[in-house]
Amino acid sequence: MTRIIIAIALGLTFATSTRAATASVNATLEPTRISLDEATELTVSVQANHIVEPELPNVDGLEFALVGKSSSFQSINGAVAANVSFHYQVTATKVGTFNIPAIKAGAAASKPLQLQVVGGNSGASQRSPSLGRALPPPNVNSLSGNDSPESANGQPAFLHVVTPKQELYVGEVVPVQIKAYFRRGMSASLNGLPVLSSDAFTMSKLPKQPEQSQEMVEGRPYTVVTWTTALAPVKAGDYTLNLELPVMVRVQDRSARRASPLGSMFDDSFFDDFFGRVSEKPITLKTDLTAIKVLPLPTTDRPGDFSGAVGTFEIRAEPTSTSASVGEPVALKLTVSGTGNFDRVTTAGVKDDAGFKTYKPSMRFEPADNAGLQGEKIFEQAIVPQSAGDIQIPAVAFSYFDPEARKYVTQETEAISLNVTQGSFNPAVSSSPVSTPPAATAAQTKVGADELQPNAVEAGKFVSSLKPVVFRPWYPFAVAAPLVLLGVGLWLANRRERSRSKANHAANEIALRESLDRMDRASQTGAVTTFFISARHALQERLAQIWHVPPHAVTVPEINARLQDAGAEIRAIFQAADQAAYAGHGSASVDLSHWRQVVHDQLKRMENL
Numbered sequence: 113m114t115r116i117i118i119a120i121a122l123g124l125t126f127a128t129s130t131r132a133a134t135a136s137v138n139a140t141l142e143p144t145r146i147s148l149d150e151a152t153e154l155t156v157s158v159q160a161n162h163i164v165e166p167e168l169p170n171v172d173g174l175e176f177a178l179v180g181k182s183s184s185f186q187s188i189n190g191a192v193a194a195n196v197s198f199h200y201q202v203t204a205t206k207v208g209t210f211n212i213p214a215i216k217a218g219a220a221a222s223k224p225l226q227l228q229v230v231g232g233n234s235g236a237s238q239r240s241p242s243l244g245r246a247l248p249p250p251n252v253n254s255l256s257g258n259d260s261p262e263s264a265n266g267q268p269a270f271l272h273v274v275t276p277k278q279e280l281y282v283g284e285v286v287p288v289q290i291k292a293y294f295r296r297g298m299s300a301s302l303n304g305l306p307v308l309s310s311d312a313f314t315m316s317k318l319p320k321q322p323e324q325s326q327e328m329v330e331g332r333p334y335t336v337v338t339w340t341t342a343l344a345p346v347k348a349g350d351y352t353l354n355l356e357l358p359v360m361v362r363v364q365d366r367s368a369r370r371a372s373p374l375g376s377m378f379d380d381s382f383f384d385d386f387f388g389r390v391s392e393k394p395i396t397l398k399t400d401l402t403a404i405k406v407l408p409l410p411t412t413d414r415p416g417d418f419s420g421a422v423g424t425f426e427i428r429a430e431p432t433s434t435s436a437s438v439g440e441p442v443a444l445k446l447t448v449s450g451t452g453n454f455d456r457v458t459t460a461g462v463k464d465d466a467g468f469k470t471y472k473p474s475m476r477f478e479p480a481d482n483a484g485l486q487g488e489k490i491f492e493q494a495i496v497p498q499s500a501g502d503i504q505i506p507a508v509a510f511s512y513f514d515p516e517a518r519k520y521v522t523q524e525t526e527a528i529s530l531n532v533t534q535g536s537f538n539p540a541v542s543s544s545p546v547s548t549p550p551a552a553t554a555a556q557t558k559v560g561a562d563e564l565q566p567n568a569v570e571a572g573k574f575v576s577s578l579k580p581v582v583f584r585p586w587y588p589f590a591v592a593a594p595l596v597l598l599g600v601g602l603w604l605a606n607r608r609e610r611s612r613s614k615a616n617h618a619a620n621e622i623a624l625r626e627s628l629d630r631m632d633r634a635s636q637t638g639a640v641t642t643f644f645i646s647a648r649h650a651l652q653e654r655l656a657q658i659w660h661v662p663p664h665a666v667t668v669p670e671i672n673a674r675l676q677d678a679g680a681e682i683r684a685i686f687q688a689a690d691q692a693a694y695a696g697h698g699s700a701s702v703d704l705s706h707w708r709q710v711v712h713d714q715l716k717r718m719e720n721l
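Numbering (our numbering), first residue to last: 113 to 721.
So this is what it looks like as structure tokens:
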């Protein structure tokens, strides 16, 4: 029984330490400089055996809104670890430099971040969205684009793939563009990367930072997110190039604005944006089924040393020296450069013959582009001349298939002259023999030649007792110690959790008061955008206390699920704040004093929840 208790305690301690050791939190902010009317993206990646949602700090002047998350899993020696990335849209209510403290997720924490907010439009004007970034409605004036789809069929979002040709050979690598289109007036979050749904092709690793641009399709403006990569077919036949992209879309329908019981005070185009119905749902965008004909590599005239390389290549050879001594190695550098499937580019180098002893070459690849379509593959081989004189390093052949010429090509390097002298290098000469220790020699002389040699010449360490460990006086204390430590650890964790709960409550109260103060000042100065953003933040802080969730988790879908019809006025304020953050405009005809009273009435009503 005692052994079972020890095993359980040590198992719990090991599991806890392993989980703590493998947990990590990484936070990135991009861009780190924005203007007051822009937004940036905060990505918090949590890697642990058990994922917990990050605890975002309260930063005066910054608003955090969760826009999506992505996840991946890996199994190492039977242990499954998850990596979940939480994506937040960050907006500012004032100008300045903001220090974002370390973001915690369980016991792990990230490094602090810093965000600089400037006035006007002097912030970063060109940003490429990463995974999970909310795509703002584009501001389009005059747009044009190449490789655009002929028709969007009226779709608000769709996926298009651009290929240089529709006929490929097996193993041929071509550059492709994957373009996701989002119509103006719609915001979207990327929930992952484009993936192939066909096993007839392979695709290079996609860049984490796709490009963002604008294009006109059928007279409508679209925001376009583009990934550039390389594609290669792996088997012959007629196939369709299918790709899928998971996204979360939010579309605002202004024609479905709710009628207000307060009458004509809402007859303002400003409130057409505030009270439009917002639909949010996950969808999967699919490509337009591009037909690809994949041809097999011809079997006639195929060189014997062909390794599967397809493309256009050149090979050259260069030794480290043109002179050497017998038995002295010379490094021969073979470089294959060009465009194609470098993963199939191989060479055996120079082979053994009567004049040389050679070794298997090492290799490395140096890409010239992000997709790995162009570059150089470098092989380094050690060659050891076996006799003196003027000898030749023979030419090295390399064969590949040229898909444009539709034939096999074999290239050879030039033979290289090498002057080999007798020199003084002799690999057969070894270092001086190691002398036998005197003690060992003396011990061995005492044993006859036909007797066994002893494996030790000195006695080992003596013990005073052979009594088993379980009967030792200290053994019960050793058994109880892990259990005592476990109990103390649980008590300390519970106490720390209560202290953190009290601290969070106090922080929420401070943030609530600060938001109300900003809202009151905005009401007096007529700053509509700041007013509604501060009002939403105040309501988020109060509802977060009631529902025991982080403030950024209080969203319109959460309000719909928990409050239903009772949350109509709260939803109106949240939608007004969203529209203000996206559009960045206000209206002097808005009665902010009325909305100020609505906020205070809602906060008072929440005291009874």
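Cβ atoms here follow ideal geometry from the backbone N, Cα and C, with glycine treated the same way.
Secondary structure of D464 (DSSP, three-state): coil. Rounded to the nearest whole angstrom, the CA to CA distance from V286 to A292 is 20 Å. A straight line joining the alpha-carbon of R295 with that of G461 spans about 55 Å. Judged by DSSP in its simplified three-state form, A348 adopts coil rather than helix or strand. Note: Y200 is bridge-paired with L154 and L178 in the DSSP secondary-structure output.
The DSSP-derived three-state label of A421 is coil. Here DSSP, grouped into helix, strand and coil, assigns R674 to helix.
By the C-beta density criterion, K393 is exposed, having fewer than 16 other C-beta atoms within 10 angstroms.
Burial check for S474: the Cβ neighbour count within 10 Å stays below 16, so the residue is exposed.
Distance check between V156 and each of R145, E142 and V137 places V137 closest, using alpha-carbon atoms only. Distance from the CA of L602 to the CA of L655, rounded to the nearest whole angstrom, comes to 30 Å. In terms of Cβ geometry, R633 and A689 do not form a close pair [threshold 8 Å].
Contact annotation: E284 and V422 have beta-carbon atoms nearer than 8 Å.
The beta carbon of Y587 sits closer than 7 Å to the beta carbons of V581 from its chain, once the five residues preceding and following it are set aside; these are given in chain order. For T533, the uninterrupted beta strand (DSSP E) segment begins and ends at I528 to T533.
When beta bridges are read from the DSSP output, S474 appears opposite E492. A direct Cα-to-Cα measurement between A678 and R717 gives close to 11 Å. In the DSSP assignment, N620 is bridged to no other residue. In the DSSP assignment, T641 falls within the alpha helix (DSSP H) that extends over V640 to W659.
V282 and L305 have their alpha carbons spaced roughly 25 Å apart.
Sequence-distant Cβ neighbours of L174 in its own chain, meaning closer than 8 Å and more than five residues away, are V202, T203, A204, T205, F210, I212 and L227. Within a 10 Å sphere around the beta-carbon of I215 sit 16 or more other beta-carbons, which makes this residue buried.
For a cut-off of 8 Å, the C-beta gap from N354 to S309 is around 4 Å, short enough to register as a contact. By DSSP's assignment, Y281 forms a beta bridge with L407. The beta carbons of E327 and Y334 sit closer together than 8 Å. Each of L628, W659 and V207 was checked against the Cα of V711, and the nearest Cα belongs to L628. With distances taken between CA atoms, F644 lies nearest to I685 out of N620, I685, H617 and E609. Closest in alpha carbon position to L446, among A436, V508 and P415, is V508. Secondary-structure assignment with DSSP links L343 through a beta bridge to V286 and M315. Residue pairing from DSSP places D502 in a beta bridge opposite N531. N531 is classed as exposed because its beta carbon has fewer than 16 other beta carbons within 10 Å across all chains shown. W659 counts as exposed, since fewer than 16 other C-beta atoms from the protein chains shown sit within 10 angstroms of its C-beta. Per the DSSP secondary-structure output, M360 pairs in a beta bridge with S301 and P394.
Of the candidates T338, P166 and V442, V442 places its Cα closest to the Cα of Q498.
Across the set T314, T432, Y512 and G467, the C-alpha of G467 shows the shortest separation from the C-alpha of V438.
Of the residues assessed, P663 falls on the buried side of the cut-off, its CB having 16 or more other CB atoms within 10 angstroms.
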